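What follows is one structure encoded as structure tokens, with my remarks underneath.
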Amino acid sequence: MAEADLIDVRRRKLEDLESRGVDAYPRRFEVETTVATLRGLYEGWDEERLQEEEPRARLAGRIVAQRGHGKAGFADIEDGGRRLQLYVRKDVLGDDGFALWKQVDVGDFVGLEGAVMKTRSGELSVRVDALTLLSKAIRPLPEKWHGLKDTEIRYRQRYLDLLANPEVRETFKTRAAIIRGLRAHLDAHGFIEVETPMMQPVYGGAVARPFTTHHNTLDLDLYMRIAPELYLKRLLVGGFQRVYELNRNFRNEGISTLHNPEFTMLEFYASYWDYGRMMEFAEELLTTVIETVVGTVDIEFQDQEISFQRPWARLTITKALVAIGGVPEKLLSDTEALRAWLIEREVPVEDMSYGYMLDAALGRLVQPRVTSPVFVTHFPTEASPFSKTVPGEPESVERFELFCGGLEVANGYSEINDSREQRLRMEEMAVNRPPDVPEMDVDEDYIHALEYGMPPAAGIGFGIDRLVMLATDSPSIRDVILFPLLRPKS
RNA sequence: GGGCCGCUAGCUCAAUUGGCAGAGCAACAGACUCUUAAUCUGUAGGUUCAAGGUUCGAUUCCUUGGCGGCUCACCA
86 MAEADLIDVR RRKLEDLESR GVDAYPRRFE VETTVATLRG LYEGWDEERL
136 QEEEPRARLA GRIVAQRGHG KAGFADIEDG GRRLQLYVRK DVLGDDGFAL
186 WKQVDVGDFV GLEGAVMKTR SGELSVRVDA LTLLSKAIRP LPEKWHGLKD
236 TEIRYRQRYL DLLANPEVRE TFKTRAAIIR GLRAHLDAHG FIEVETPMMQ
286 PVYGGAVARP FTTHHNTLDL DLYMRIAPEL YLKRLLVGGF QRVYELNRNF
336 RNEGISTLHN PEFTMLEFYA SYWDYGRMME FAEELLTTVI ETVVGTVDIE
386 FQDQEISFQR PWARLTITKA LVAIGGVPEK LLSDTEALRA WLIEREVPVE
436 DMSYGYMLDA ALGRLVQPRV TSPVFVTHFP TEASPFSKTV PGEPESVERF
486 ELFCGGLEVA NGYSEINDSR EQRLRMEEMA VNRPPDVPEM DVDEDYIHAL
536 EYGMPPAAGI GFGIDRLVML ATDSPSIRDV ILFPLLRPKS
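Just so we're aligned, residue 86 is where the first sequence starts under the working numbering, counting upward by one.
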């Protein structure tokens, strides 16, 4: 039947009910129990005991299946993700109640009251003696057995995806649990959660194109933040010793299975730590959360066996390129030979400096091959404008990236707190920025803040969406973002 | 943005070489007071993503466009 006809049928039922004085959208229903608690209480009881004691139940849920049976019938309701069978009999429900039962469709919300029982086949059920319509659905739900597979509908109408595919609900519960776990661990270690501007007059803290917007009253162009970094470090200047922010960043770049224009980032900063201490803490934080949420530190992600068992491997970028990326060691001391070797392997490094070449090679040759977590350290200085250099090694910085399951999951470093050095490095970045990167101003206000003195500190940023992908074995970032950005359908 | 693939009933999917567009579920009518992917009988349901082209004839072939997926390049 055409969709319009299916809707018409339900509309007619709705009008028929209303003409008989039924309120199809009542204000409230006093629920006394849930499917989960009911199952917890009575699942273990046998048929005889339920028959003798006849416990009563009053609950509500959405009809997800119906099986008519003449002057009787069965329905399954879903409430909080759990299902329960209803048993309806005309002689128990009465004529009016049974008439309502006949007009109820899959998708409708109902409230009900009755005796808890078990059927002959042992299925815990409620023999309904009072049925109340709580909300009439006028569109048909996706099919019960095959669920909803059309990716476009799944993303555009996520509510249908959640309705039809229970594992999708689990993914987003896991997401919530991860975020809860991260907050709990940080809170327990003296970090305080802060909120810094998402609309910034000067954007910074990362290399990416921003979204722009405008404040009318101030007649001021603003940028949606690409990172909260520079504001969080201002708070270290202000005397907060440990801060974190877990919220959205916005980057006006491509969309892919790993990128959504708005994505969730956890950034935190600890005074008196360096990047080494931060790596230790990151290990502890992630293993704790993964173990709590997934139940084990050995997970499977897209057919890879990943172990978060500590300690995690740590390699300098050059060692990683040799050991994991397969770069011949002798090429590392010969820029042009390395360039030729990389280009042969389709790593586009034509106009790059040595440092940017290493970074590009890392992304192409190392990252995809990493399964269990690996910290890569000693990044080239030119690509890291906020990281302190390694003592005696001005070309490398005290910075690490965390790779896992072929994904970049985190990025952290010892923060520059010398205002003179920070200015130089920002100016260098403004001149030597990689091709295709928009002009970036030196954030004078940030330099000014550093001049008041920032304690030595380390900071880190975690891509939360990717973390959730790992924990839920999701192949695309769109599977872990409830409403990913799609082109509007005209 | 480039390349490849997809779009058929509300949902999940078929359709031979280009030859009457079909099934299951859902819906509707009927039967059925312990079913659970209920069962049985019957009925109805289509702008085959859109526009154009080739053809006697297009879901099928071609062109353009829309939307989506994967992938490559930039970004986490």
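No residue lacks a Cβ here, since even glycine has one placed at the ideal position from N, Cα and C. Note that the coordinates shown come from a computational prediction; the quantities given were computed from them, not determined experimentally.
* To do: State the beta-bridge partners of residue 456 as determined by DSSP.
  => Translated into the one-based positions of the first sequence, residue 456 becomes position 371. Residue 456 is not bridged to any residue.
* Contact between the region 455-475 and the region 433-447: three or more CB pairs below 8 angstroms? -> Yes, the region 455-475 is in contact with the region 433-447.
* Buried versus exposed, by CB contacts within 10 Å (16 or more), residue 412 -> Along the first sequence, read from residue 1 onward, the residue named residue 412 stands at position 327. By the beta-carbon neighbour count (other beta carbons within 10 angstroms, threshold 16), residue 412 is buried.
* To do: Using the Cα positions of residue 147 and residue 105, report the straight-line distance between them to the nearest angstrom.
  => One-based indexing of the first sequence puts residue 147 at position 62. One-based indexing of the first sequence puts residue 105 at position 20. Looking at the backbone, the Cα of residue 147 and that of residue 105 are separated by about 22 angstroms.
* Asked: Under three-state DSSP, which class holds residue 297?
  -> For the purposes of this step, residue 297 is taken as residue 212 along the first sequence, with counting starting at 1. Looking at residue 297 - three-state DSSP - the assignment turns out to be strand.
* Cβ atoms of residue 343 and residue 572: under 8 angstroms apart, would you say? -> As a first step, residue 572 is located in the first sequence; it is residue number 487 there, counting from the start. As a first step, residue 343 is located in the first sequence; it is residue number 258 there, counting from the start. No, they are not a contact pair.
* Ignore the nearest five residues each way along the sequence and tell me which others in residue 508's own chain have a CB closer than 8 angstroms to its CB. => Position 423 of the first sequence holds residue 508. Around residue 508: 527 and 532.
* Span of the beta strand (DSSP E) holding residue 149? -> In the first sequence, counting from the first residue as 1, residue 149 sits at position 64. First-last of the beta strand (DSSP E) with residue 149: 141-153.
* Could you please give me the residues that DSSP links to residue 346 through a beta bridge? => Counting from 1 along the first sequence, the entry for residue 346 is found at position 261. According to DSSP, residue 346 bridges with nothing at all.
* Asked: Where does the unbroken beta strand (DSSP E) through residue 308 begin, and where does it stop?
  -> Within the first sequence, numbered from 1, the residue matching residue 308 stands at position 223. First-last of the beta strand (DSSP E) with residue 308: 305-309.
* Would DSSP call residue 463 helix, strand or coil? -> For the purposes of this step, residue 463 is identified with residue 378 of the first sequence, where counting begins at 1. Secondary structure of residue 463 (DSSP, three-state): strand.
* Within the same chain, show all residues whose beta-carbon is closer than 6 angstroms to that of residue 403, passing over the 5 residues directly before and after it, in chain order. => Here residue 403 is taken as the residue at index 318 of the first sequence, counted from 1. Hits under 6 angstroms: 417.
* Asked: When you compare each of 257, 288, 321 and 178 to residue 313 by their alpha carbons, which one comes out closest?
  -> Locating residue 313 in the first sequence gives position 228, counting from the first residue. Among 257, 288, 321 and 178, the Cα nearest to that of residue 313 is on 288.
* What's the gap between the Cα of residue 335 and the Cα of residue 348? -> Within the first sequence, residue 335 is the residue found at index 250, counting from 1. Within the first sequence, residue 348 is the residue found at index 263, counting from 1. Computed Cα separation, rounded: 7 angstroms.
* Assuming residue 189 and residue 218 make a contact with CB atoms under 8 angstroms, what is their CB distance in whole Å? -> Residue 189 sits at position 104 when you count from the first residue of the first sequence. Residue 218 sits at position 133 when you count from the first residue of the first sequence. At roughly 7 angstroms, the Cβ-Cβ gap stays under 8 angstroms, so residue 189 and residue 218 are in contact.
* **Coil, strand or helix - residue 471 by DSSP** => Mapped onto the first sequence, residue 471 falls at position 386. Note: residue 471 maps to coil in three-state DSSP.
* With DSSP as the reference, label residue 369 as helix, strand or coil. => Here residue 369 is taken as the residue at index 284 of the first sequence, counted from 1. If DSSP states are grouped into helix, strand and coil, residue 369 belongs with the helices.
* To do: Write down every uninterrupted run of the alpha helix (DSSP H) in the region 370-442 whose length is 4 residues or greater and which is fully enclosed by it, in chain order.
  => If we require 4 residues or more, the alpha helix (DSSP H) runs fully inside the region 370-442 come out as 402-408 and 420-429.
* Identify the continuous beta strand (DSSP E) that holds residue 203 and give its terminal residues. => Numbered from 1 along the first sequence, position 118 holds the residue referred to as residue 203. Residues 194-203.
* Rounded to whole angstroms, how far is the Cβ of residue 393 from the Cβ of residue 409, which I believe are closer than 8 angstroms? -> Taking the first sequence and counting its residues from 1, one reaches residue 393 at position 308. Taking the first sequence and counting its residues from 1, one reaches residue 409 at position 324. So it is not a contact: roughly 18 angstroms between Cβ atoms.
* Run through DSSP, which three-state label would residue 445 get? -> On the first sequence, residue 445 is found 360 positions in, with the first residue counted as 1. Three-state DSSP puts residue 445 in a helix.
* Taking C-alpha atoms, which residue in 153, 354, 207 and 300 lies nearest to residue 319? -> In the first sequence, residue 319 corresponds to position 234, counting from 1. When only C-alpha atoms are compared, the closest one is 354.
* Starting from the C-beta of residue 101, find all residues in its chain whose C-beta is less than 8 angstroms away, skip the five residues before and the five after it, and write them out in chain order. => In the first sequence, counting from the first residue as 1, residue 101 sits at position 16. The residues are 188.
* Asked: Residues in its own chain within less than 7 angstroms of residue 311 by CB, not counting five upstream and five downstream?
  -> As a first step, residue 311 is located in the first sequence; it is residue number 226 there, counting from the start. Answer for residue 311: 288, 290, 291, 293, 295, 334, 335 and 336, listed in chain order.
* To do: Determine the burial state of residue 351: buried for a count of at least 16 other Cβ atoms within 10 Å of its Cβ, exposed for fewer.
  => Here residue 351 is taken as the residue at index 266 of the first sequence, counted from 1. With a threshold of 16 other beta carbon atoms within 10 Å, residue 351 meets it and is buried.
* To do: Please look up how many angstroms separate the CB atoms of residue 281 and residue 317, rounded, as I've assumed it's under 8 angstroms.
  => Taking the first sequence and counting its residues from 1, the one referred to as residue 281 is at position 196. Taking the first sequence and counting its residues from 1, the one referred to as residue 317 is at position 232. The C-beta separation of residue 281 from residue 317 comes to about 6 angstroms, placing the pair in contact by the 8 angstroms criterion.
* **Three-pair Cβ contact test at 8 angstroms for the region 423-433 versus the region 472-484** => No, the region 423-433 is not in contact with the region 472-484.
* Check whether the region 537-547 touches the region 359-368, counting contact only when three or more Cβ pairs, one atom from each stretch, lie closer than 8 angstroms. => Contact holds: three or more Cβ-Cβ distances are below 8 angstroms.
* Would you grab the beta carbon distance between residue 243 and residue 567 for me? Rounded to a whole angstrom, and I think it's under 8 angstroms. => Position 158 of the first sequence holds residue 243. Position 482 of the first sequence holds residue 567. Contact flag correct, Cβ pair sits at about 5 angstroms.
* Cα-Cα separation, residue 240 to residue 569 -> Looking up residue 240 in the first sequence gives position 155. Looking up residue 569 in the first sequence gives position 484. Cα to Cα, the separation comes out at about 7 angstroms.
* Where residue 341 falls, given that 16 or more other Cβ within 10 Å makes a residue buried -> On the first sequence, position 256 is the one that residue 341 refers to. Exposed, by the Cβ-count rule.
* To do: Counting only the same chain and skipping the five closest in sequence on each side, list residues whose C-beta sits under 7 angstroms from that of residue 276.
  => The count along the first sequence starts at 1 and reaches residue 276 at position 191. Closer than 7 angstroms at Cβ, skipping near neighbours: 327, 328, 329 and 353.
* Can residue 164 and residue 144 be called in contact, C-beta distance under 8 angstroms? -> Indexing the first sequence from 1 puts residue 164 at position 79. Indexing the first sequence from 1 puts residue 144 at position 59. Cβ distance < 8 angstroms, so residue 164 and residue 144 count as in contact.
* To do: Please report how far the alpha carbon of residue 256 lies from the alpha carbon of residue 110, in whole angstroms.
  => Here residue 256 refers to the residue found at position 171 when the first sequence is read from its first residue. Here residue 110 refers to the residue found at position 25 when the first sequence is read from its first residue. Note on geometry: alpha-carbon atoms of residue 256 and residue 110 lie some 31 angstroms from one another.
* DSSP three-state call for residue 86: helix, strand or coil? -> Here residue 86 refers to the residue found at position 1 when the first sequence is read from its first residue. It is coil, neither helix nor strand.
* Tell me which same chain residues have a C-beta within less than 6 angstroms of the C-beta of residue 322, skipping the five on either side of it? -> As a position in the first sequence, residue 322 is number 237, starting the count at 1. Apart from sequence neighbours up to five positions away, the residues of its chain that approach residue 322 with a beta-carbon distance below 6 angstroms are 534, 537 and 539, ordered along the chain.
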